[in-house]
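Taking it in order: structure first as structure tokens, then the write-up.
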Amino acid sequence: MEYLNQKEQEQFSQVLEAKQIKDYTNMMFNLSQGCFNDCILDFTSSKIGEKESACLTRCADKFFKHTQRVGQRFAENNAKLMQ
Amino acid sequence: MEYLNQKEQEQFSQVLEAKQIKDYTNMMFNLSQGCFNDCILDFTSSKIGEKESACLTRCADKFFKHTQRVGQRFAENNAKLMQ
Amino acid sequence: MEYLNQKEQEQFSQVLEAKQIKDYTNMMFNLSQGCFNDCILDFTSSKIGEKESACLTRCADKFFKHTQRVGQRFAENNAKLMQ
Amino acid sequence: MSFFGIGRGNQSVNPQNIALAEQEVELSVEIFNRMVSSCHKKCIATPYKEADLTKGESVCIDRCVAKYFDTSKVLGEHLKKIGEQNAPPQ
Amino acid sequence: MSFFGIGRGNQSVNPQNIALAEQEVELSVEIFNRMVSSCHKKCIATPYKEADLTKGESVCIDRCVAKYFDTSKVLGEHLKKIGEQNAPPQ
Amino acid sequence: MSFFGIGRGNQSVNPQNIALAEQEVELSVEIFNRMVSSCHKKCIATPYKEADLTKGESVCIDRCVAKYFDTSKVLGEHLKKIGEQNAPPQ
């Protein structure tokens with residue numbers, strides 16, 4: 001983004017902020033739907049059981065750690081490409 | 101949407117209408133593709149057979165009834181959350 | 201697009217060009233992800249092997265030929281509908 | 301309320317309000333669409349033997365929607381807990 | 401047609417026409433993309449043993465596209481019938 | 501650099517630069533999201549037995565990302581070769 005002057009950078013950071021909110025929302029929707037699909041397998045009840053609830057939280061934790069690790073490797077590989 | 105004044109509501113209802121057309125179109129695309137994927141399994145002919153045709157219409161009927169039922173429960177659950 | 205006058209057509213062709221770049225980019229992302237999913241099955245190494253590499257290029261070639269053939273049939277069927 | 305054209309008459313349109321309302325609807329539609337998709341996979345059996353929802357499918361849909369809402373609640377509470385653990389002590 | 405700059409010369413651009421044309425193209429592209437995706441799943445065998453489409457794959461693609469168009473027709477007619485049944489009698 | 505308000509002070513905003521920067525970020529995010537999705541399918545085992553990534557999952561993710569980048573490279577080079585073959589001789 002070196003081609004942006006200071007004024008442009010200010011305006012771009014506003015655009016970026018709106019985009020980040022949208023991306024975060026999308027990530028949370030993907031997380032919810034993915035963990036629902038993987039953990040909620042029983043429809044003999046309309047309440048989430050203890051096992052399902054534990055599965056959901058493990059799924060969410062793992063999802064964040066996975067995303068974070070991919071992010072680190074992504075940044076490293078990108079940096080290598082830039083050299 | 102209680103925060104909208106009358107003029108804003110008028111303008112919003114126009115925005116909403118455009119969005120509804122888009123959402124409806126998307127739903128119809130999902131319906132077509134989903135029913136095609138589920139019902140058209142035989143590629144020894146380029147014409148849709150009677151069985152496939154019957155499967156498609158049942159698939160569409162079920163899709164609408166499913167969507168409608170999810171919509172009813174969605175509204176009820178949402179209303180409960182608002183209380 | 202017969203309802204567009206000359207000036208509108210000029211403006212539309214600019215809109216179209218931007219859209220085509222976006223569509224092409226999306227196609228390339230789908231190609232990469234699809235071929236990665238289908239060809240990269242072994243994670244005991246972080247380097248792509250010869251077999252995987254050959255699979256990737258065959259996958260890409262087939263993807264283009266498939267897309268092209270669907271495009272031809274799509275155009276023909278569309279033309280038939282217009283008659 | 302309008303009185304001799306005073307009041308409601310000079311309302312102005314704030315584009316941010318329109319955008320906010322639009323966003324609200326978009327989020328709702330997105331959640332609904334994902335629910336429709338997930339519950340279709342969970343509850344509707346293929347091949348389609350009949351045009352109506354069976355009793356079993358109907359009950360499954362009701363529970364599926366309830367559990368989808370519950371999932372949001374469970375995950376929301378969990379995220380809040382994580383957030384608090386990571387927050388610096390006051 | 402332009403005659404001494406009269407006629408074509410003073411055409412004005414109606415943004416609604418541009419938007420309509422854009423929408424038309426978008427619908428076409430969307431349908432095409434879904435067809436490519438569905439027919440790839442139906443017709444292209446993995447693992448990819450060769451770079452060319454086999455005879456079987458080529459024939460399958462042709463039929464797949466034809467059947468995808470037919471599916472739209474069958475569903476369109478069915479929806480029309482449903483619509484008429486639900487419409488109030490005149 | 502600004503000197504008595506001269507220089508930086510009269511910078512103007514070129515909307516095309518903003519759009520370009522936006523596009524650049526969008527492409528990056530899109531690639532990242534697809535990587536997250538593909539590598540989740542390849543590396544994360546369900547049912548979720550623990551909240552942490554196992555050693556095996558962590559190693560798999562690292563290799564998956566490396567191979568995803570490599571895939572782009574292999575395909576990019578292949579496309580370039582195809583393009584050259586199809587280009588008319590000078």
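Residue numbers (my numbering), protein chains in the order written: chain G, 1 to 83; chain F, 101 to 183; chain V, 201 to 283; chain S, 301 to 390; chain A, 401 to 490; chain C, 501 to 590.
We put the CB at the ideal spot given by N, CA and C, even for glycine.
When you compare the CB positions of residue 129 of chain F and residue 434 of chain A, do they come within less than 8 Å of one another, or not? Along the second sequence, one-based indexing puts residue 129 of chain F at 29. Along the fifth sequence, one-based indexing puts residue 434 of chain A at 34. Yes, Cβ-Cβ distance for residue 129 of chain F and residue 434 of chain A is below 8 Å.
The alpha helix (DSSP H) with residue 415 of chain A in it runs from where to where? The residue given as residue 415 of chain A occupies position 15 in the fifth sequence. First-last of the alpha helix (DSSP H) with residue 415 of chain A: 415 to 443.
How long is the line joining the alpha carbons of residue 386 of chain S and residue 380 of chain S, rounded to whole angstroms? Start at 1 with the first residue of the fourth sequence, and residue 386 of chain S comes out as number 86. Start at 1 with the first residue of the fourth sequence, and residue 380 of chain S comes out as number 80. Residue 386 of chain S and residue 380 of chain S: Cα-Cα distance of roughly 10 Å.
Contact under 8 Å by Cβ, residue 119 of chain F with residue 470 of chain A: Residue mapping note: residue 119 of chain F aligns to position 19 of the second sequence, counting from 1. Residue mapping note: residue 470 of chain A aligns to position 70 of the fifth sequence, counting from 1. Against a cut-off of 8 Å, the Cβ pair of residue 470 of chain A and residue 119 of chain F comes out as no contact.
Is there a Cβ from chain A that is less than 8 Å from the Cβ of residue 247 of chain V? What you label residue 247 of chain V is simply residue 47 of the third sequence in a count that begins at 1. Taking Cβ atoms only, chain A never reaches closer than 8 Å to residue 247 of chain V, which makes this a no.
Using 8 Å for Cβ pairs, my map puts residue 201 of chain V next to residue 421 of chain A. What's the rounded Cβ distance? Translated into positions along the third sequence, residue 201 of chain V becomes position 1. Translated into positions along the fifth sequence, residue 421 of chain A becomes position 21. Indeed, because the Cβ distance is near 5 Å, the residues count as touching under 8 Å.
Extent of the continuous alpha helix (DSSP H) to which residue 353 of chain S belongs: Position 53 of the fourth sequence, counted from the start, is the residue given in the question as residue 353 of chain S. Premise fails: residue 353 of chain S is in no alpha helix (DSSP H) and is neither H nor E.
Answer with yes or no whether the minimum CB distance from residue 257 of chain V to chain C is below 8 Å. The residue labelled residue 257 of chain V in the question sits at position 57 within the third sequence. Interface residue, yes.
Suppose contacts are defined by Cβ-Cβ distances below 8 Å. Is residue 432 of chain A in contact with residue 243 of chain V by that definition? Taking the first residue of the fifth sequence as 1, we reach residue 432 of chain A at position 32. Taking the first residue of the third sequence as 1, we reach residue 243 of chain V at position 43. No, the pair does not count as a contact, with Cβ atoms beyond the cut-off.
What is the residue span of the alpha helix (DSSP H) that residue 208 of chain V lies within? Residue mapping note: residue 208 of chain V aligns to position 8 of the third sequence, counting from 1. Where residue 208 of chain V is concerned, the enclosing alpha helix (DSSP H) stretches over 206 to 239.
Quick one: which chain C residues come within Cβ less than 7 Å of residue 67 of chain G? Here residue 67 of chain G refers to the residue found at position 67 when the first sequence is read from its first residue. Here the neighbours are 536.
Hey, residue 253 of chain V and residue 574 of chain C are a contact pair by Cβ (cut 8 Å); roughly how many whole angstroms apart? As a position in the third sequence, residue 253 of chain V is number 53, starting the count at 1. As a position in the sixth sequence, residue 574 of chain C is number 74, starting the count at 1. At roughly 5 Å, the Cβ-Cβ gap stays under 8 Å, so residue 253 of chain V and residue 574 of chain C are in contact.
What does residue 540 of chain C touch in chain G if you count any residue whose Cβ is under 7 Å from its own? Within the sixth sequence, numbered from 1, the residue matching residue 540 of chain C stands at position 40. In chain order: 66.
Under 8 Å between C-beta atoms, does residue 33 of chain G make it to chain S? The residue given as residue 33 of chain G occupies position 33 in the first sequence. Interface residue, yes.
Considering Cα atoms alone, identify which of C:557, C:549 and C:559 is closest to residue 58 of chain G. Residue numbering aside, residue 58 of chain G sits at position 58 when the first sequence is read from its first letter. It is C:549 whose Cα lies nearest to the Cα of residue 58 of chain G.
Are residue 414 of chain A and residue 208 of chain V closer than 8 Å when you measure CB to CB? Walking along the fifth sequence from the start, residue 414 of chain A turns up at place 14. Walking along the third sequence from the start, residue 208 of chain V turns up at place 8. A contact, by the Cβ cut-off of 8 Å.
Taking 8 Å as the CB-CB limit, is residue 82 of chain G close to chain C? As a first step, residue 82 of chain G is located in the first sequence; it is residue number 82 there, counting from the start. Judged by the 8 Å Cβ criterion, residue 82 of chain G is not in contact with chain C.
Which residues in the same chain have their Cβ closer than 6 Å to the Cβ of residue 425 of chain A, if we skip the five residues on either side of it in sequence? Translated into the one-based positions of the fifth sequence, residue 425 of chain A becomes position 25. So the list is empty, once near-sequence residues are dropped.
Hey, does residue 382 of chain S have any beta-carbon neighbour from chain F nearer than 8 Å? Here residue 382 of chain S refers to the residue found at position 82 when the fourth sequence is read from its first residue. Residue 382 of chain S does not count as touching chain F.
Taking Cβ positions, are residue 23 of chain G and residue 559 of chain C nearer each other than 8 Å? As a working mapping, residue 23 of chain G is identified with position 23 in the first sequence. As a working mapping, residue 559 of chain C is identified with position 59 in the sixth sequence. No, these two residues do not count as a Cβ contact at 8 Å.
Using the beta-carbon of each residue, which ones in chain A are nearer than 8 Å to residue 105 of chain F? Taking the second sequence and counting its residues from 1, one reaches residue 105 of chain F at position 5. Those within 8 Å of residue 105 of chain F in chain A number zero; the least Cβ separation is about 27 Å.
Spell out whether any CB of chain V is found under 8 Å from the CB atom of residue 522 of chain C. Taking the first residue of the sixth sequence as position 1, residue 522 of chain C is located at position 22. No - not a single Cβ of chain V is within 8 Å of the one on residue 522 of chain C.
Cβ of residue 16 of chain G within 8 Å of any chain C Cβ: Here residue 16 of chain G refers to the residue found at position 16 of the first sequence. Closer than 8 Å to some Cβ of chain C, the Cβ of residue 16 of chain G qualifies, so yes.
Taking residue 262 of chain V as part of the alpha helix (DSSP H), name the residues at either end of that continuous run. Counted from its first residue, the third sequence places residue 262 of chain V at position 62. That run of the alpha helix (DSSP H) goes 250 to 282.
So, is the C-beta of residue 472 of chain A closer than 8 Å to a C-beta in chain F? Along the fifth sequence, one-based indexing puts residue 472 of chain A at 72. True, the Cβ-Cβ gap to chain F drops below 8 Å.
Nearest to residue 519 of chain C by alpha carbon, out of G:72, G:80, G:45 and G:4? The residue you call residue 519 of chain C lines up with position 19 of the sixth sequence. Residue G:4 is the option with its Cα nearest to residue 519 of chain C.
8 Å Cβ cutoff met for residue 277 of chain V and residue 465 of chain A: Here residue 277 of chain V refers to the residue found at position 77 of the third sequence. Here residue 465 of chain A refers to the residue found at position 65 of the fifth sequence. Yes, these two residues count as a Cβ contact at 8 Å.
Which residues in chain G have a C-beta closer than 7 Å to the C-beta of residue 367 of chain S? List them in chain order. Position 67 of the fourth sequence, counting from 1, holds the residue named residue 367 of chain S. Per Cβ cutoff of 7 Å: 40, 46 and 48.
Beta-carbon within less than 8 Å of residue 34 of chain G's beta-carbon, same chain only, minus the 5 sequence neighbours each way: which residues are those? On the first sequence, residue 34 of chain G is found 34 positions in, with the first residue counted as 1. For residue 34 of chain G, where only same-chain residues beyond five positions count, the Cβ hits under 8 Å are 59 and 63.
Less than 8 Å separating the beta-carbons of residue 467 of chain A and residue 140 of chain F? The sequence position of residue 467 of chain A within the fifth sequence is 67, counting from 1. The sequence position of residue 140 of chain F within the second sequence is 40, counting from 1. Yes, the pair counts as a contact, with Cβ atoms nearer than the cut-off.
If you count every other CB in all the chains shown that lies within 10 Å of the CB of residue 457 of chain A, and 16 or more means buried, which is it? In the fifth sequence, the residue the question calls residue 457 of chain A occupies position 57. When all chains shown are included, residue 457 of chain A counts as buried.
To the nearest angstrom, how far is the alpha carbon of residue 427 of chain A from that of residue 121 of chain F? Locating residue 427 of chain A in the fifth sequence gives position 27, where the first residue counts as 1. Locating residue 121 of chain F in the second sequence gives position 21, where the first residue counts as 1. Their backbone Cα atoms lie some 12 Å apart in a straight line.
According to DSSP, is residue 572 of chain C helix, strand or coil? Within the sixth sequence, residue 572 of chain C is the residue found at index 72, counting from 1. Residue 572 of chain C falls in the helix class under three-state DSSP.
Residues of chain F with CB under 9 Å from residue 430 of chain A, in chain order? Start at 1 with the first residue of the fifth sequence, and residue 430 of chain A comes out as number 30. The answer, in chain order, is 125, 126 and 129.
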